[in-house]
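Residue numbers (the working numbering): -4 to 195.
Worksheet: one structure, shown below.
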Amino acid sequence: MIRKWLAATLIACSFQAFSLQDTADLEASLSHYIRDDLFIFIHTGPSRNYRILGSVVAGTPITVLEENSETEFTQITDNEGRTGWVESRFVTSTMSQAEQLPKLREALTQTQDSLQTAQSENARMRQQLNDARQQVSELTTENESQANTIKRLTAQVDNADNEEMVMWFTRGGIVAGAGILLGVLLTFIPKRRRRNNEWM
């Protein structure tokens, strides 16, 4: 029995020497845990001199009942309902890796779903942007065509105005020339003499 106890103590000390760095805190189901890198013995009192009730596996969630600062032991209740004392240095408030893993997987799944949704939304928005650019291009082409049509019609109106003005000037010249010619002709027509009828 003593040999087993010494072997367990040696294993616990060796695990403590090569302990892993604590991971980030997550929401815990219980208040404290046994560190993931070791297993420890639970005693009936706040010292190694008390009888060993059993061992607590690394990462086990526990409930802290009391802390003894003099002996550096903490009274706990483990997941099997046992109440005893363990060394305070092996108690941590960081969630065990066994409990972190499902939460991390769930968070990873949610992140991947969010990423996929964002990628789909990004693709949809890119398609909308391409459609909008196509519409802008078509509207620009149509606008240029309408602008050219307006220029052409404006030129036609200007030409029609010029032609109408020339026509009116021509007609006016013809009328003026005809008037002058008529005036000249009238000067060559002999005047009739008036008869003087005198009544006695």
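Where a beta carbon is used, it is the ideal one built from N, C-alpha and C, also for glycine.
Because the structure is a prediction, the values reported are computed rather than measured.
Query	Result
Range of the contiguous beta strand (DSSP E) that encloses Pro41	Taken as a continuous stretch (DSSP letters only), Pro41 belongs to no beta strand (DSSP E), as it is neither H nor E.
DSSP three-state assignment for Asn138, whether helix, strand or coil	helix
The segment 39 to 53 touching the segment 73 to 89, judged by at least three CB pairs closer than 8 Å	yes
Three CB pairs or more closer than 8 Å across the segment 56 to 74 and the segment 35 to 43	yes
Test item: CB-CB of Asn74 and Thr89 under 7 Å	no
Distance, Gln123 Cα to Glu159 Cα	53 Å
Under the three-state DSSP convention, the category Phe34 falls into	coil
C-beta contact flag for Glu67 and Ser83 at 7 Å	yes
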